[in-house]
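S.K.: I am attaching a structure below and will ask some questions about it afterwards.
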Amino acid sequence: MTELTNVTEERVKNEVESSNQNNNMEEARMTSAEVKMQAVEEARQNLMKAKSVLEANMDAEANIKKSAQVNVGKAETAYLEALKKVELPTTKIEVWNEVTNTAEQVIFTKEQKEIIIATSVYSMAVSKVNLECGKDLITNEHFDKVPLYITEAALFYNADIELKDLNGNIVPKGTPNVYVPVDKANGYWQWASYHEHNLNAIVKDDTKLTIENVRIKKFDSLQEFGKYRGVNNVLSRGFNGLEKAGNAALATQQEFFNRVFQKALELKANISVVTKYYNFGKTL
Numbered sequence: 001m002t003e004l005t006n007v008t009e010e011r012v013k014n015e016v017e018s019s020n021q022n023n024n025m026e027e028a029r030m031t032s033a034e035v036k037m038q039a040v041e042e043a044r045q046n047l048m049k050a051k052s053v054l055e056a057n058m059d060a061e062a063n064i065k066k067s068a069q070v071n072v073g074k075a076e077t078a079y080l081e082a083l084k085k086v087e088l089p090t091t092k093i094e095v096w097n098e099v100t101n102t103a104e105q106v107i108f109t110k111e112q113k114e115i116i117i118a119t120s121v122y123s124m125a126v127s128k129v130n131l132e133c134g135k136d137l138i139t140n141e142h143f144d145k146v147p148l149y150i151t152e153a154a155l156f157y158n159a160d161i162e163l164k165d166l167n168g169n170i171v172p173k174g175t176p177n178v179y180v181p182v183d184k185a186n187g188y189w190q191w192a193s194y195h196e197h198n199l200n201a202i203v204k205d206d207t208k209l210t211i212e213n214v215r216i217k218k219f220d221s222l223q224e225f226g227k228y229r230g231v232n233n234v235l236s237r238g239f240n241g242l243e244k245a246g247n248a249a250l251a252t253q254q255e256f257f258n259r260v261f262q263k264a265l266e267l268k269a270n271i272s273v274v275t276k277y278y279n280f281g282k283t284l
């Protein structure tokens, strides 16, 4: 009888452990993207609840109303932070496709589409100041919507260059519908500024902006891509030291420039220091 009881207890224990393992496996099956989207939905619902409380207390005492307003602010911040972690966020653009180009006229057709914007270590860096100023500029009535050029990510996939979306997540190689901006002085900062603006628009339940006058440009190689960027930025905002080295690596495809760039990137060192180190006969 004792043996039968022990066997039964052991069987129940095994079944419980098996059930726990199955639950853990089910949780593990949720991808990183799904977990982040779940967090976004939870944050959205929390914001809705906070807004409901505020609405219900609009005529309440000042301290109660103030507390409700603070809670809405906290919920908005949490919602924004959750949105900033979403993987492969899409950007709505208006693509201008050239259909006719003669000596007398150029004709474009317009098409709206949702794409994923990605950047690489070779992309021009956007400072926080540029980002914040950019959010004000893109909504200014005098802001000139100059052509913004992008190219298909396949160029970078084929060279095994890591890409990251506008939230900083790594883009899996081969992901479709991904485009990389062709950086120019008057446009390199716009993608991040539009993205930040639209995330805030989601939180505030405002209308998101569509990025207009976008052109898709094709390049036969990274070398051609690098040369194009270099030529079109000569008299504009120059690349910083690291960006110069990165663009030189792309445009020349020479091992020396690539090693200098990779070492500066790895050590987070000034490019002139790395170059001087090499010139003193050290090995990169």
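Counting in the UniProt record's numbering, the sequence shown runs without a single skipped number right up to 284 at its last residue.
Glycine is no exception: its CB is placed at the ideal position from the N, C-alpha and C atoms.
Bear in mind that the values here come from a model prediction, so they are computed numbers and not experimental data.
#1: Counting pairs of beta carbons, one from the region 140 to 151 and one from the region 205 to 221, are three or more of them closer than 8 Å?
#2: Which two residues bound the contiguous beta strand (DSSP E) that contains residue 214?
#3: My output table needs one value for residue 173: the three-state DSSP class, helix, strand or coil.
#4: Please classify residue 183: does DSSP put it in a helix, a strand, or coil?
#5: Quick one: Cα of residue 262 to Cα of residue 99, how far?
#6: Tell me whether residue 262 sits in a helix, a strand or coil according to DSSP, three-state version.
#7: Could you compute how far the alpha carbon of residue 189 sits from the alpha carbon of residue 60?
#8: Out of 246, 116, 68, 83, which has the shortest C-alpha to C-alpha gap to residue 258?
#9: Do you know whose CA, among 108, 251, 209, lies nearest residue 139's CA?
#10: Return the Cβ separation of residue 146 and residue 186 in integer angstroms, given the expectation that the two are a contact with Cβ distance under 8 Å.
#11: Exposed or buried, which one is residue 170 when buried takes at least 16 other CB atoms within 10 Å?
#12: What are the partner residues of residue 96, as DSSP defines its beta bridges?
#13: Hey, how far is the Cα of residue 240 from the Cα of residue 122?
#14: For residue 26, is the classification buried or exposed, using 16 other Cβ atoms within 10 angstroms of its Cβ as the cut-off for buried?
#15: Going by C-alpha to C-alpha distance, which of 165, 129, 107 sits closest to residue 87?
#16: Could you tell me how far apart the beta carbons of residue 65 and residue 58 are, in whole angstroms, since I believe they sit closer than 8 Å?
#17: Out of curiosity, what's the CA-to-CA distance linking residue 115 and residue 180?
#18: Alpha carbon to alpha carbon, what distance is there between residue 92 and residue 266?
#19: Would you call the CB atoms of residue 131 and residue 192 closer than 9 Å?
#20: Roughly how many angstroms separate the alpha carbons of residue 206 and residue 45, rounded to a whole number?
#21: Using DSSP with H/G/I as helix, E/B as strand and the rest coil, what is residue 227?
#22: Using the Cα positions of residue 107 and residue 272, report the straight-line distance between them to the nearest angstrom.
M.R.: So, from the listed chains and residues:
#1: With a cut-off of 8 Å, the region 205 to 221 and the region 140 to 151 count as touching, because enough Cβ pairs lie within range.
#2: 211 to 216
#3: Here residue 173 sits in coil by DSSP.
#4: coil
#5: 41 Å
#6: helix
#7: Roughly 44 Å separates the two Cα atoms.
#8: 246
#9: 209
#10: Right, their Cβ atoms sit about 6 Å apart.
#11: With fewer than 16 neighbouring CB atoms inside 10 Å of its own CB, residue 170 falls in the exposed class.
#12: DSSP lists 110 as partners of residue 96.
#13: 11 Å
#14: Per-residue confidence for residue 26 stands at a pLDDT of 48, beneath the threshold of 50, marking its modelled position as unreliable; no derived number is given.
#15: 165
#16: 7 Å
#17: 10 Å
#18: 34 Å
#19: yes
#20: Taking C-alpha positions only, residue 206 is separated from residue 45 by approximately 17 Å.
#21: helix
#22: 47 Å
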